[in-house]
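K.L.:
The structure that follows is given in the form of structure tokens.
Number of protein chains: 2
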Amino acid sequence: MTAATITYHQERAERTRAQILRRAVDIASAEGLEGVSIGRLATELAMSKTGVFAHFGSKEDLQVAIVEMAGDVFVAEVVEPVQTSPRGIPLLSALLQSWLSYVERIVFRGGCFFAAASAEFDSRPGPVRDKIVELTKAWVVGLENEVKEAQRLNQLSRKADPHQVVFELHAFVQEANWAFKLFDDKTSFARARSAITRRIAAEQTGKPTDGRRTGE
Amino acid sequence: MTAATITYHQERAERTRAQILRRAVDIASAEGLEGVSIGRLATELAMSKTGVFAHFGSKEDLQVAIVEMAGDVFVAEVVEPVQTSPRGIPLLSALLQSWLSYVERIVFRGGCFFAAASAEFDSRPGPVRDKIVELTKAWVVGLENEVKEAQRLNQLSRKADPHQVVFELHAFVQEANWAFKLFDDKTSFARARSAITRRIAAEQTGKPTDGRRTGE
Chain A
23 MTAATITYHQ
33 ERAERTRAQI
43 LRRAVDIASA
53 EGLEGVSIGR
63 LATELAMSKT
73 GVFAHFGSKE
83 DLQVAIVEMA
93 GDVFVAEVVE
103 PVQTSPRGIP
113 LLSALLQSWL
123 SYVERIVFRG
133 GCFFAAASAE
143 FDSRPGPVRD
153 KIVELTKAWV
163 VGLENEVKEA
173 QRLNQLSRKA
183 DPHQVVFELH
193 AFVQEANWAF
203 KLFDDKTSFA
213 RARSAITRRI
223 AAEQTGKPTD
233 GRRTGE
Chain B
23 MTAATITYHQ
33 ERAERTRAQI
43 LRRAVDIASA
53 EGLEGVSIGR
63 LATELAMSKT
73 GVFAHFGSKE
83 DLQVAIVEMA
93 GDVFVAEVVE
103 PVQTSPRGIP
113 LLSALLQSWL
123 SYVERIVFRG
133 GCFFAAASAE
143 FDSRPGPVRD
153 KIVELTKAWV
163 VGLENEVKEA
173 QRLNQLSRKA
183 DPHQVVFELH
193 AFVQEANWAF
203 KLFDDKTSFA
213 RARSAITRRI
223 AAEQTGKPTD
233 GRRTGE
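Listed in order, the protein sequences are those of chains A and B. First residue of the first sequence? That's 23 in this note's numbering, and the numbers climb one at a time after it. First residue of the second sequence? That's 23 in this note's numbering, and the numbers climb one at a time after it.
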């Protein structure tokens with residue numbers, strides 16, 4: 023094979039792998055990572071079992087790859103669309119609204135993939151749990167860093183504990199996801215938005231700078 | 023058999039059934055309701071499969087019975103110990119603290135059974151999901167009723183929306199359970215307690231009555 027042919031085959035394999043994983047994330051969000059099987063993916067994607075299996079060495083490899091794909095989708099759907107928001111409170115609020123919107127517009131039919139996956143794997147040590155912890159923690163730390171940035175910009179009181187504030191803000195979005203999925207209660211999104219606004223306002227200094235991105 | 027013998031056999035059967043279910047709730051809290059099988063229960067309880075199976079008609083019947091048992095344990099561990107608290111804010115706070123304590127002292131190794139079960143079944147219609155919804159909803163409504171009672175007693179502002187307040191308070195406990203289970207983060211309990219105290223204080227009228235139980 024020529025180098026061009028090899029590249030073509032590699033690209034095609036990567037596209038197929040991504041296609042399989044995207045479907046797998048959707049199934050896992052609703053029925054759990056344990057609900058995803060090679061056989062089911064093959065049926066749903068009209069592929070051969072061998073064809074699906076060739077992309078993943080084991081069930082555990084497949085599960086880790088599903089979590090990674092869910093992380094990529096989260097970044098693309100939640101984080102990237104708001105990256106031009108001014109730093110501090112505007113970006114913090116935009117990230118939380120964007121996360122709520124991703125649940126509300128049902129990107130995955132099971133709601134927030136990471137809420138479902140963490141409930142499923144929190145008591146099962148191993149590489150799948152480790153990957154869920156790593157990506158979930160990165161999101162929490164990202165939110166905490168934005169609270170700290172808002173404090174640096176004098177938008178939020180420096181007396182506020184960023185861990186505590188993010189614990190509460192993060193709780194409101196997870197609660198909305200929970201109530202929406204379990205009770206089919208769409209008012210939960212308005213409740214979460216109201217709670218987020220109130221909680222941020224409680225720590226506001228009243229003299230925010232505009233947080234525009236400058237060459238820091 | 024005499025009536026006394028029949029009663030003896032019935033009582034023994036009920037004790038065995040409760041013993042099976044208690045173990046099943048523990049497994050389900052950590053590994054999901056789908057992780058519970060007749061075979062596994064038989065092994066863990068050193069019983070025959072037939073012996074376990076005789077108490078439950080089907081897997082679905084077993085799952086519904088597990089949810090009901092988890093509800094009984096929740097009432098016994100969380101609700102009953104604080105039932106003598108004065109009505110209004112004291113009882114509301116006591117219920118939330120009691121719920122946190124039940125997670126913190128690891129009554130079930132998977133944390134809050136209902137958090138795990140709702141994430142597992144929220145996308146699966148049927149009698150198991152219906153039972154989870156029924157019992158979870160009853161708990162939320164119970165908390166809302168206590169907020170209303172606190173308003174009636176002039177402990178909490180009547181302008182507060184009981185649904186909104188309970189949405190937030192409930193979120194803090196669920197977040198603590200989530201962070202504890204996923205990150206093994208015990209500081210999450212202190213964060214939840216601090217958030218609950220602040221949130222209730224924000225609606226306090228400053229002129230509470232003592233909420234003692236009177237013959238209403």
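Where is the CB? At the ideal position from N, CA and C, for every residue including glycine.
(1) So, are the CB atoms of Ser80/B and Val104/B less than 7 angstroms apart?
(2) Okay, do the region 186-198 of chain B and the region 213-229 of chain A touch, 3+ Cβ pairs below 8 angstroms being the bar?
(3) Taking the C-alpha atoms as reference points, what is the distance between Gln32/B and Gln226/B?
(4) Under 7 angstroms, Cβ to Cβ, is there at least one residue of chain B near Gln186/A?
(5) According to DSSP, is Leu175/A helix, strand or coil?
(6) Should Phe143/A and Arg151/A be called a contact, given that it needs their Cβ atoms to be closer than 7 angstroms?
(7) Name the chain B residues whose beta carbon is nearer than 8 angstroms to that of Lys170/A?
(8) Which chain A residues sit within Cβ distance under 8 angstroms of Gln196/B?
(9) Smallest Cα separation from Arg109/A: which of Glu66/A, Asp83/A, Gly164/A, Pro147/A?
(10) Return no unless some Cβ of chain B is closer than 7 angstroms to the Cβ of Thr236/A.
(11) Any idea what DSSP makes of Gln226/A, helix, strand or coil?
(12) Under 7 angstroms Cβ to Cβ from Ala172/A, same chain only, skipping five residues before and after it: list those, please.
(13) Consult DSSP for Val129/A and reduce its assignment to one of helix, strand or coil.
(14) Report yes if the CB atom of Ile218/A is closer than 7 angstroms to the CB atom of Leu117/A, and no otherwise.
(15) Taking three-plus beta-carbon pairs below 8 angstroms as touching, is the region 76-96 of chain A in contact with the region 36-43 of chain A?
(16) Return the residues of the region 142-156 of chain A that lie within a Cβ-Cβ distance of less than 9 angstroms from chain B, sorted by chain order.
(17) Have a look at Leu67/B and Ser107/A and give me their C-alpha separation to the nearest angstrom.
(18) If we call anything under 7 angstroms between Cβ atoms a contact, is Phe135/B one with Ser51/B?
(19) What first and last residue would you give for the alpha helix (DSSP H) that runs through His185/A?
P.N.:
So, from the listed chains and residues:
(1) no
(2) yes
(3) 51 angstroms
(4) Yes, Gln186/A lies at the interface with chain B (some Cβ there is under 7 angstroms from its Cβ).
(5) coil
(6) yes
(7) Simply none; closest approach about 17 angstroms.
(8) Ala193, Gln196, Glu197, Trp200
(9) Gly164/A
(10) Annotation note: pLDDT 45 at Thr236/A (below 50); position unreliable, no value reported.
(11) When DSSP states are grouped into helix, strand and coil, Gln226/A belongs to the strand group.
(12) Closer than 7 angstroms at Cβ, skipping near neighbours: Gly110, Ile111, Leu114, Leu178.
(13) coil
(14) no
(15) yes
(16) Correct list: Glu142, Phe143, Asp144, Ser145, Arg146, Arg151, Ile154, Val155.
(17) 57 angstroms
(18) Contact flag set, yes.
(19) 184-205
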